[in-house]
Every structure is written in structure tokens, then in C-alpha cells.
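Undergrad: Mapping the sequence shown onto full-length UniProt numbering, position 113 (from 1) lands on 113, and the numbers just tick up by one.
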Amino acid sequence: MTKPTTHPAVGPTTTPRQLIARLAADEHLALILSWREQASRWLASRGIDQWQRPWPDQDTMNARILAGIRAGTTWMVYPSWTDAAPIATVTLDYDADPQLWLPEEAAEPALYLRRLMTSDDARCRGLGPRILDWAAERARDAGDRWLRLDAYSTNTALHAKYIEWGFTHLRTVEDIDNPSGAVFQRPT
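In C-alpha cells form, the structure reads like this:
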């Protein structure tokens, strides 16, 4: 079954505990890139090598993020209907990376989560699991069996969090050009 590029509901949707998700627009690119840079510094301050350089390079990374925005797969997350400033972003799509997912896995109905980031002010405030729950609800409502993601291979603290949040670590793919080779899924 071929899935549409975006989910049927493209307007604002409510996440658990009243976070609001709206589709990102081109003008959000600079904010998303600044959050990635902030996250890179925060990770480095904790001795984690994730995101210490753009992958595979700055231009390609920027183009990939902009493509997600323009495809209608990147969301900005707000704390309520009245707050004007977003506090997080996430991309949800149906593109199973063939370097990471086996053909039989890619054939299963699954939604793939990418680039979950928060603002510095919102980091470590429990947004991650709430956004993951929202994404799983969207996947379930669209008839998908799995919510899947890949994580930076060396960030084992994050791997433990994903397991705590209901994901199963399937494997870590090595010897690929993608630094995010740890693959996880959870049922919707």
C-alpha cells in the first residue's frame, strides 16, 4: 500500500496535554537550524558526539530540512493555541531508509519520525514523550502499525530513553554513511 506524503489532517492538531502542532513553513527553516545548533552545543557539553557536524554537509542538511517543510511533513509544536512561538519541531513521513530498514519492514505500514528538536527553553521538560505519543496517535489513525525512528548510533543515553518510552531497539546498523544507525519501533 502506498501512503500519501502527508497525513490527511494538515491543519493544527492537538497533542497530548494541549501541545499544538502546525505544519512548518519556509520561514521556520532558520529557527529549526538554530535549534539544531543549540542541540549540538548541549549534546557536546554532555560529552555526546551527536550532531557535532552537519550530516552529510551543511547544504545537504539544510536542503533536506527545507524539503520536509515543503512536503508538508515537518511540524512545529506550540505550548497552546495562544502562544505565538513554537517550542519544538518534528518530521513525520513514510520514507523507510533502505540502509536502515529491511525490505520486509519497509513493506509494513509505518510512520517514520525524524529530527525531533526542541528550543533550549523547552529542553528536558517532558516534551519528547508527549510528541512521540502524538506521532503514534497520528500513525494509528492513519492505519499504520508502527511508529519508527532512527537514532544517532553512539547516543546510548537516548536509546535508553526510547526504550523507556515504549520503543524496541531492533538493531544498530554499522558500516553505513549515516551516523544514525540505531533503529527503533513501537506499536501504534
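All C-beta atoms, glycine included, are put in the ideal place defined by N, C-alpha and C. In this text the structure is predicted, and so the values were computed from the model without any measurement.
#1: Since Leu-149 and Leu-113 are thought to touch, with beta carbons under 8 Å apart, how far apart are those beta carbons, to the nearest angstrom?
#2: Is it the case that the Cβ atoms of Trp-75 and Val-90 are separated by a distance below 8 Å?
#3: Mapping the DSSP letters down to three states, classify Tyr-162 as helix, strand or coil.
#4: Candidates Thr-154, Glu-174, Arg-138: which alpha carbon is nearest Asp-93's?
#5: Going by DSSP in three states, Trp-75 sits in which element: helix, strand or coil?
#6: Alpha carbon to alpha carbon, what distance is there between Glu-105 and Pro-187?
#7: Tell me, please, whether the stretch 125-143 touches the stretch 60-74 by the rule of three or more beta-carbon pairs shorter than 8 Å.
#8: Tell me the rounded alpha-carbon separation between His-168 and Tyr-162.
#9: For Ala-151, which three-state DSSP category applies?
#10: Name the one or two DSSP bridge partners that Asp-93 has.
TA: A quick look at the data gives this:
#1: Distance from Leu-149 to Leu-113 at the Cβ level is roughly 4 Å; contact confirmed, criterion being Cβ atoms closer than 8 Å.
#2: Yes, they are a contact pair.
#3: Helix, per DSSP.
#4: Among Thr-154, Glu-174, Arg-138, the Cα nearest to that of Asp-93 belongs to Arg-138.
#5: Trp-75 falls in the strand class under three-state DSSP.
#6: Taking the straight line joining both Cα atoms gives about 13 Å.
#7: The answer is no - the stretch 60-74 does not touch the stretch 125-143, with fewer than three Cβ pairs under 8 Å.
#8: Correcting the residue type first, residue 168 is Thr in the shown sequence and not His. Cα to Cα, Thr-168 sits roughly 8 Å from Tyr-162.
#9: Note: Ala-151 maps to strand in three-state DSSP.
#10: For Asp-93, which the question treats as bridged, DSSP gives the partners Tyr-112.
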